[in-house]
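Under the numbering used here, think of the first position of the sequence shown as 21, with each following residue one higher.
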Amino acid sequence: MNQEAELTPRWVEPGKLAGIRKPEAHELGALAKARFQAVISLCDDQDNHQLYQDWKLPFLWLPVASGQIPSRVQLEQMVNFIEQFEGAVAVHCSGGQRTAAGLAAYLIHQQGDFDLALGTIEQIIPELELDEAQLMSLLQQARVIQ
Numbered sequence: 021m022n023q024e025a026e027l028t029p030r031w032v033e034p035g036k037l038a039g040i041r042k043p044e045a046h047e048l049g050a051l052a053k054a055r056f057q058a059v060i061s062l063c064d065d066q067d068n069h070q071l072y073q074d075w076k077l078p079f080l081w082l083p084v085a086s087g088q089i090p091s092r093v094q095l096e097q098m099v100n101f102i103e104q105f106e107g108a109v110a111v112h113c114s115g116g117q118r119t120a121a122g123l124a125a126y127l128i129h130q131q132g133d134f135d136l137a138l139g140t141i142e143q144i145i146p147e148l149e150l151d152e153a154q155l156m157s158l159l160q161q162a163r164v165i166q
């Protein structure tokens with residue numbers, strides 16, 4: 021996802037939730053024009069935090085280690101944050117895998133269906149593959165929800 025030339029939203033729920041690559045400073049205007057009201061960063065560093073503050077763009081930082089998925093607590097924070105906004109929320113990390121895993125975790129939380137969540141993620145972000153540890157964590161999460 022980080023190879024894209026443009027900041028193209030990958031919609032999980034159109035108008036509500038999308039994965040994007042990590043935006044650069046000159047792209048925050050395009051993010052605002054696309055009616056994104058907030059950002060969730062799954063990066064394990066604080067890159068872009070000052071940019072979001074300068075733009076007065078609400079953001080939630082949920083640091084997730086590379087190759088992992090958001091914890092249950094982080095997932096609850098993510099869901100609560102998304103529900104605060106009537107408009108769209110963008111989710112990003114630095115390479116795309118944590119974004120895909122985070123969006124899949126969100127879908128599993130909302131729908132309770134591992135296969136449906138992964139199918140959705142594969143459709144909207146076909147160039148990314150989650151690693152085995154992420155898939156096992158997501159499967160475990162789905163079992164807990166069911």
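C-beta: ideal position from N, C-alpha, C; glycine also.
Scanning the stretch 55-116 from its first residue to its last, the whole beta strand (DSSP E) runs of 3-plus residues come out as 56-61, 79-81, 108-112. Ala50 and Leu136 have their C-alpha atoms roughly 31 Å apart. For Gly122, the three-state secondary structure derived from DSSP is helix. Looking from the CA of Leu123, the closest CA among Phe56, Glu149, Ala38 belongs to Ala38. Note: Leu37 is bridge-paired with Glu33, Val109 in the DSSP secondary-structure output. Our two residues, Gln104 and Lys36, have alpha carbons roughly 11 Å apart in a direct line.
Gly107 and Ile145 do not touch by the CB rule: their CB atoms are close to 22 Å apart, not below 8 Å.
Assignment of Gly132 by DSSP, reduced to helix, strand and coil, places it in the coil class. Take Arg55, set aside five residues on each side of it, and the residues of its chain with a beta-carbon closer than 7 Å to its own are Gly107, Ala108, in chain order.
Taken through DSSP and simplified to helix, strand or coil, Thr28 comes out as coil. Leu148 carries a coil assignment under DSSP once its states are collapsed to helix, strand and coil.
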